[in-house]
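Remarks on the structure that follows.
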Ligand code: IPD
Ligand code: CA
Ligand code: CA
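Spelled out as structure tokens, the structure:
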């Protein structure tokens, strides 16, 4: 367990890095999606920017905290290092950060397809673990200039306002966000599950960014979120934002949130949605 000041210091660094990465992406992204489409390989262009953003984030983390581990969607896992005793580089962390078990979990662009098409919901997502537990997280929705933050035990915040998820919403009136994977067979199963969810809720939203969907739960912009196939870097930061706003964030049948299923809603609605989903076996496919 680390003291609150430690989480605050880690968050401050994460926010400054997420801001800088967002500014770089905004500056380098061609203004019109068709400009991307006329490139020899549009996917490569996006990949170049995904990688450039992650490289920038990794460089800034290394400069500030050279001993920390990093898990990034594009660059994979970089283990932490053990530095000389007492050389922790963030105020409030005692000992070298490698020994302090700090790991940064990075999705440089969550919502790549929105980014490609010029839709205004993609985000830089950075979560910070200490000893395996996310203690700070930032989700920077760059086009909307919204920076969602949370420190474990310190609440979830957006533009100086403390966030609280919607409570007391029954499933029949719930606005439910979800997402789809990239594989055809998985999508077929996801569509089958959705066919049983859509008729019994208020409506469905597919925003295109898992991280923003979870922040939307936190902000009360949707009531619930579930998705099969979201990865840890998609929800590491945003899961803390949702939890600190009062939502439950978990998997099916008592499991923690995991790539098989990530589900979030206020207590009560969480259980209703869980009990609808579980018999539908959404983890298949
Ligand atoms: C994707 C987005 C999307 C979700 C997919 C993710 P990416 O991340 O979060 O909303 O439905 O499961 O893979 O590819 O844009 O980083
Ligand atoms: Ca992602
Ligand atoms: Ca991504």
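Residue numbers (UniProt numbering): 1 to 285. Where is the CB? At the ideal position from N, CA and C, for every residue including glycine. Keep in mind that this is a model prediction, so the values were computed, not measured.
Cutoff 8 angstroms: residue i Cβ touching any chain C Cβ
i           : result
residue 259 : In the structure shown, chain C does not exist; there is a single protein chain.
Extent of the continuous alpha helix (DSSP H) run through residue i
i           : result
residue 232 : 232–244
residue 203 : Per DSSP, residue 203 belongs to no alpha helix (DSSP H); it is in the beta strand (DSSP E), 203–205.
residue 271 : 269–277
residue 22  : 4–28
residue 264 : Run containing residue 264: none in the alpha helix (DSSP H); it sits in the beta strand (DSSP E), 262–265.
residue 218 : 210–219
residue 192 : 184–197
Span of the beta strand (DSSP E), counted from its first residue to its last, around residue i
i           : result
residue 253 : Counting along the chain, residue 253 falls outside any beta strand (DSSP E), and DSSP gives it neither H nor E.
residue 176 : 175–178
residue 227 : 224–227
residue 71  : 69–72
residue 285 : Here residue 285 belongs to no beta strand (DSSP E), and DSSP marks it neither H nor E.
residue 76  : 76–78
C-beta contact flag for residue i and residue j at 8 angstroms
i           : j           : result
residue 160 : residue 150 : no
residue 261 : residue 283 : yes
residue 10  : residue 128 : yes
residue 76  : residue 69  : no
residue 13  : residue 152 : no
residue 144 : residue 120 : yes
residue 163 : residue 202 : no
residue 24  : residue 53  : yes
residue 229 : residue 256 : no
residue 142 : residue 124 : yes
residue 169 : residue 269 : yes
residue 233 : residue 116 : no
residue 285 : residue 186 : yes
residue 211 : residue 238 : yes
Nearest-angstrom Cβ-Cβ length linking residue i and residue j, presumed shorter than 8 angstroms
i           : j           : result
residue 265 : residue 224 : 4 angstroms
residue 126 : residue 106 : 5 angstroms
residue 177 : residue 222 : 4 angstroms
residue 18  : residue 140 : 4 angstroms
residue 193 : residue 171 : Residue 193 to residue 171, Cβ: 15 angstroms. No contact.
residue 195 : residue 218 : In fact, because the Cβ distance is near 28 angstroms, the residues do not count as touching under 8 angstroms.
residue 74  : residue 50  : 5 angstroms
residue 134 : residue 236 : 6 angstroms
residue 273 : residue 226 : 6 angstroms
residue 57  : residue 21  : 5 angstroms
residue 254 : residue 165 : Between residue 165 and residue 254 the Cβ distance is about 21 angstroms, and since that is not below 8 angstroms, they are no contact.
Quick one: complete beta strand (DSSP E) runs, 3+ long, within the segment 94–166?
-> 102–110, 123–130, 133–141, 146–151, 156–158
Is the segment 200–208 close to the segment 151–158, with three or more CB pairs under 8 angstroms?
-> no
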